[in-house]
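Chemist: In this text, residue positions in the sequence shown follow the UniProt record's numbering: the first is 1, and each later residue adds one. From the three backbone atoms N, C-alpha and C, an ideal C-beta is built for every residue, glycine too. Mind looking over this structure? Questions follow.
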Amino acid sequence: VKSRESLLDTEKALLEKLAMCPCIGYSNPKICYSSPQSPFWRLNGLSEEDVNSIMARTVCAKSAFELWGHGRTHIELRTSLLKYPTENMSPFLQKDSTYKINVYTFNKTLEFEDRIKKIDAMEYLSFEGRVNLRNPKHIFCLLEDYGTDPNDIPDEPLYIYFGRWIADGQRELIRSHSVKNRHFIGNTSMDAGLSFIMANHARVKAYDLVYDPFVGTGSLLVACSHFGAYVCGTDIDYNTIHGIGKASRKNQKWRGPDENIRANLRQYGSEKLYVDVLVSDASKPIWRDGVLFDAIITDPPYGIRESTRRTGSQKDSVNSVKPSEDYVGDSHVPVSMAYHLSDIFTDLLNFSAHHLVIGGRLVYWLPIYRPEYCEEMVPLNACLRLVSNCEQTLSSHTSRRLITMEKIKEPEVDALAHLSDPHFSPYQGHNAFREKYFSGISKRTLTGKEETNKMATNGGE
Ligand SMILES: C[S@@+](CC[C@H](N)C(=O)[O-])C[C@H]1O[C@@H](n2cnc3c(N)ncnc32)[C@H](O)[C@@H]1O
Numbered sequence: 001v002k003s004r005e006s007l008l009d010t011e012k013a014l015l016e017k018l019a020m021c022p023c024i025g026y027s028n029p030k031i032c033y034s035s036p037q038s039p040f041w042r043l044n045g046l047s048e049e050d051v052n053s054i055m056a057r058t059v060c061a062k063s064a065f066e067l068w069g070h071g072r073t074h075i076e077l078r079t080s081l082l083k084y085p086t087e088n089m090s091p092f093l094q095k096d097s098t099y100k101i102n103v104y105t106f107n108k109t110l111e112f113e114d115r116i117k118k119i120d121a122m123e124y125l126s127f128e129g130r131v132n133l134r135n136p137k138h139i140f141c142l143l144e145d146y147g148t149d150p151n152d153i154p155d156e157p158l159y160i161y162f163g164r165w166i167a168d169g170q171r172e173l174i175r176s177h178s179v180k181n182r183h184f185i186g187n188t189s190m191d192a193g194l195s196f197i198m199a200n201h202a203r204v205k206a207y208d209l210v211y212d213p214f215v216g217t218g219s220l221l222v223a224c225s226h227f228g229a230y231v232c233g234t235d236i237d238y239n240t241i242h243g244i245g246k247a248s249r250k251n252q253k254w255r256g257p258d259e260n261i262r263a264n265l266r267q268y269g270s271e272k273l274y275v276d277v278l279v280s281d282a283s284k285p286i287w288r289d290g291v292l293f294d295a296i297i298t299d300p301p302y303g304i305r306e307s308t309r310r311t312g313s314q315k316d317s318v319n320s321v322k323p324s325e326d327y328v329g330d331s332h333v334p335v336s337m338a339y340h341l342s343d344i345f346t347d348l349l350n351f352s353a354h355h356l357v358i359g360g361r362l363v364y365w366l367p368i369y370r371p372e373y374c375e376e377m378v379p380l381n382a383c384l385r386l387v388s389n390c391e392q393t394l395s396s397h398t399s400r401r402l403i404t405m406e407k408i409k410e411p412e413v414d415a416l417a418h419l420s421d422p423h424f425s426p427y428q429g430h431n432a433f434r435e436k437y438f439s440g441i442s443k444r445t446l447t448g449k450e451e452t453n454k455m456a457t458n459g460g461e
């Protein structure tokens with residue numbers, strides 16, 4: 001059963017991708033569902049061990065069951081259940097075992113008496129064990145799907161399932177790690193659910209070394225350290241890295257002492273996995289050759305809340321950057337320069353190609369102006385294989401795509417040569433994302449400020 005609240009439009013694709021993680025040890029589960037909107041999916045081809053591995057990581061799925069029968073009516077369910085092989089059922093129905101049956105309804109709340117009636121009606125299954133509501137050995141569940149429209153709830157369920165409960169997912173992490181209760185936050189702190197999804201896409205595991213080059217308040221590091229990875233990051237903003245300056249919380253003017261990323265990890269008991277964070281410009285990475293990360297997971301700036309900036313250099317002074325009018329020196333090195341979105345992503349992919357281990361993953365958000373988007377726009381790099389590309393809609397005309405890439409080979413000596421190939425930098429069209437983001441907003445009901453806030457509630461600019 002997937003969660004009621006959809007984190008991403010393509011949540012299904014996400015779970016599918018998670019299920020295909022080689023680290024989980026199986027491939028190609030088949031997903032079926034009675035309707036595309038249904039919260040219930042049937043997955044074939046997974047062992048119980050596989051299911052337990054998925055549920056130990058996913059924040060998208062609520063619970064998993066071994067399906068014993070299903071149908072559009074209770075009569076169809078009964079026929080289906082009676083066809084389920086006895087040898088598969090009997091180990092869980094033994095005399096010496098204990099059990100309970102839960103009734104789970106989607107889009108309808110049933111009275112207690114109605115639930116009991118439904119449980120009693122299941123007596124055609126030969127439960128021989130004793131009922132134990134507190135600590136049963138086996139839990140069974142009758143799941144009823146009443147559709148998704150709260151204004152049109154049918155009297156009878158549209159579809160019914162019965163099965164043995166196997167495991168719950170990690171939805172609780174979304175509450176326990178909510179940024180609302182996080183020690184150190186900023187305007188662009190990434191939502192807990194999305195941070196865990198990113199860590200899952202990156203297949204982060206214990207003892208990995210994970211790096212975020214646009215670390216901000218470190219939300220992605222928090223999620224990765226939850227899975228036991230050592231974490232580090234860099235950001236161009238001195239105040240963010242040092243946890244000083246203006247607070248982002250209402251009713252608080254300045255950040256308090258110890259409001260920093262290390263304290264965030266301490267809050268969740270993973271301070272020992274904190275490596276460090278540094279002030280650094282992602283356009284001029286500070287890492288020596290050969291530093292290898294197991295995963296690079298990041299949310300680059302989109303230029304919505306502020307323009308994307310990088311530090312200037314001697315080279316930029318040669319490249320016709322005009323000094324301010326009152327400048328009187330011979331040579332001028334600009335303090336900061338616009339950092340074009342296409343350059344941010346080219347640099348990020350190139351950096352990942354050099355600094356990821358083979359098989360290591362890069363997971364990042366790519367802002368998209370929907371009317372112009374086509375798949376060919378997703379930046380490519382010869383050393384990185386595109387694993388998945390999922391959309392989270394932000395407004396009618398903008399979205400961001402969660403891009404997952406895996407390093408398949410080491411860069412060749414002339415690694416930058418491919419950058420001259422337009423195929424590898426077709427993202428140019430999105431450089432004016434900020435203008436496009438705000439364009440058309442006046443035509444709709446939301447104000448620009450409201451839309452920006454919508455993006456901020458999910459994290460990111
Ligand atoms: C979308 S925010 C990341 C938010 C972060 N995931 C969090 O949870 O707080 C983007 C970050 O990139 C940083 N940034 C912008 N330009 C940069 C650059 N050239 N190099 C490194 N960091 C940069 C910003 O200071 C900002 O903190």
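Is it right to say Ser-420 is buried, meaning 16 or more other beta carbons lie within 10 angstroms of its own, or is it exposed?
Modeler: Per-residue confidence for Ser-420 stands at a pLDDT of 49, beneath the threshold of 50, marking its modelled position as unreliable; no derived number is given.
Chemist: Counting Cβ pairs closer than 8 angstroms, one from the segment 101-109 and one from the segment 73-89, do we hit at least three?
Modeler: no
Chemist: State buried or exposed for Phe-184, treating a residue as buried only when at least 16 other CB atoms are found within 10 Å of its CB.
Modeler: Residue burial is scored here from C-beta neighbours: Phe-184 has at least 16 other C-beta atoms within 10 angstroms and is therefore classed as buried.
Chemist: Does the beta carbon of Ala-229 fall short of 7 angstroms from some heavy atom of ligand 2?
Modeler: Ligands present in the displayed structure are limited to ligand 1, and ligand 2 is not among them.
Chemist: Which partner residues does Lys-100 have in the DSSP bridge list?
Modeler: Residue pairing by DSSP puts Lys-100 in a beta bridge opposite Ile-139.
Chemist: From what residue to what residue does the alpha helix (DSSP H) around Phe-65 run?
Modeler: Unbroken run through Phe-65 is the beta strand (DSSP E), 63-71; no alpha helix (DSSP H).
Chemist: With a threshold of 7 angstroms (Cβ to nearest heavy atom), would Leu-402 be considered close to ligand 1?
Modeler: no
Chemist: Can you find a heavy atom of ligand 1 that lies under 7 angstroms from the Cβ of Tyr-373?
Modeler: no
Chemist: So, is Asn-264 buried or exposed, given that buried needs 16 or more other C-beta atoms within 10 angstroms?
Modeler: buried
Chemist: Among Gly-218, Gln-170 and Phe-92, which one has its Cα closest to the Cα of Ala-61?
Modeler: Gln-170
Chemist: Mind checking whether Phe-214 and Asp-299 have CB atoms under 8 angstroms apart?
Modeler: yes
Chemist: Distance, Cα to Cα, Val-210 vs Leu-46?
Modeler: 29 angstroms
Chemist: Grouping DSSP H, G and I as helix and E and B as strand, with all else coil, what is Ala-356?
Modeler: Rather than Ala, the amino acid found at residue 356 in this sequence is Leu. Three-state result, Leu-356: strand.
Chemist: Grouping DSSP H, G and I as helix and E and B as strand, with all else coil, what is Met-405?
Modeler: strand
Chemist: DSSP three-state call for Gly-233: helix, strand or coil?
Modeler: strand
Chemist: Determine which residues share a DSSP beta bridge with Asn-264 and list them.
Modeler: For Asn-264, which the question treats as bridged, DSSP gives no partner whatsoever.
Chemist: How should Ile-286 be labelled, buried or exposed, when 16 other C-beta atoms within 10 angstroms of its C-beta is the threshold for buried?
Modeler: exposed
Chemist: Smallest Cα separation from Ile-75: which of Val-51, Phe-162 and Cys-232?
Modeler: Taking only the C-alpha atoms, the option nearest Ile-75 is Phe-162.
Chemist: Where do the ends of the alpha helix (DSSP H) carrying Phe-112 lie?
Modeler: It spans 112-120 - the alpha helix (DSSP H) in which Phe-112 sits, taken as one unbroken run.
Chemist: Looking at the unbroken alpha helix (DSSP H) that takes in residue 479, where does it start and where does it end?
Modeler: Coverage of the chain is limited to positions 1 through 461, which leaves residue 479 absent and any answer about it impossible.
Chemist: Anyone know if the C-beta pair for Gly-312 and Leu-341 falls short of 8 angstroms?
Modeler: The answer is no: Cβ separation not under 8 angstroms.
Chemist: Measuring straight from C-alpha to C-alpha, what distance separates Ser-395 and Cys-374?
Modeler: If I take the Cα positions, the gap works out to 17 angstroms.
Chemist: Report yes if the C-beta distance between Phe-140 and Arg-164 is below 8 angstroms; otherwise report no.
Modeler: Result yes, Cβ atoms of Phe-140 and Arg-164 sit closer than 8 angstroms.
Chemist: Give the C-beta separation of Asp-145 and Tyr-159 to the nearest angstrom, bearing in mind that I take them to be a contact with Cβ-Cβ under 8 angstroms.
Modeler: 4 angstroms
Chemist: Span of the beta strand (DSSP E) holding Glu-76?
Modeler: Careful: Glu-76 lies outside any beta strand (DSSP E), inside the alpha helix (DSSP H) at 74-83.
Chemist: With DSSP as the reference, label Ser-189 as helix, strand or coil.
Modeler: coil
Chemist: Out of Thr-393, Glu-49 and Ala-223, state which residue places its alpha-carbon closest to the alpha-carbon of Ser-195.
Modeler: Ala-223
Chemist: With a threshold of 7 angstroms (Cβ to nearest heavy atom), would Met-190 be considered close to ligand 1?
Modeler: If you check the C-beta of Met-190 against ligand 1, you find a heavy atom less than 7 angstroms away.
Chemist: Is Ser-219 buried or exposed, if buried means 16 or more other CB atoms sit within 10 Å of its CB?
Modeler: buried
Chemist: Using only the alpha-carbon positions, how far apart do Cys-23 and Met-122 sit?
Modeler: Residue confidence for Cys-23 is low, a pLDDT of 39 falling below 50, so the modelled location carries little weight and cannot support an answer.
Chemist: May I have a chain-ordered list of the beta strand (DSSP E) segments no shorter than 3 residues that lie completely inside the segment 190-254?
Modeler: 209-212 and 230-235
Chemist: Whose C-alpha, out of Phe-65, Ser-38 and Val-59, is nearest the C-alpha of Glu-49?
Modeler: Phe-65
Chemist: For ligand 1, is there a heavy atom less than 7 angstroms away from the beta-carbon of Gly-218?
Modeler: yes
Chemist: Write down the C-beta distance between Val-387 and Glu-406 rounded to the nearest angstrom, noting that I regard them as a contact closer than 8 angstroms.
Modeler: 5 angstroms
Chemist: Is Thr-308 close to ligand 1? I mean its beta-carbon at under 7 angstroms from any heavy atom of the ligand.
Modeler: Yes; taking the cut-off as 7 angstroms, the Cβ of Thr-308 has a heavy atom of ligand 1 nearer than that.
Chemist: Taking the beta carbon of Leu-278 as the centre, do at least 16 other beta carbons fall within 10 Å, making it buried, or is it exposed?
Modeler: exposed
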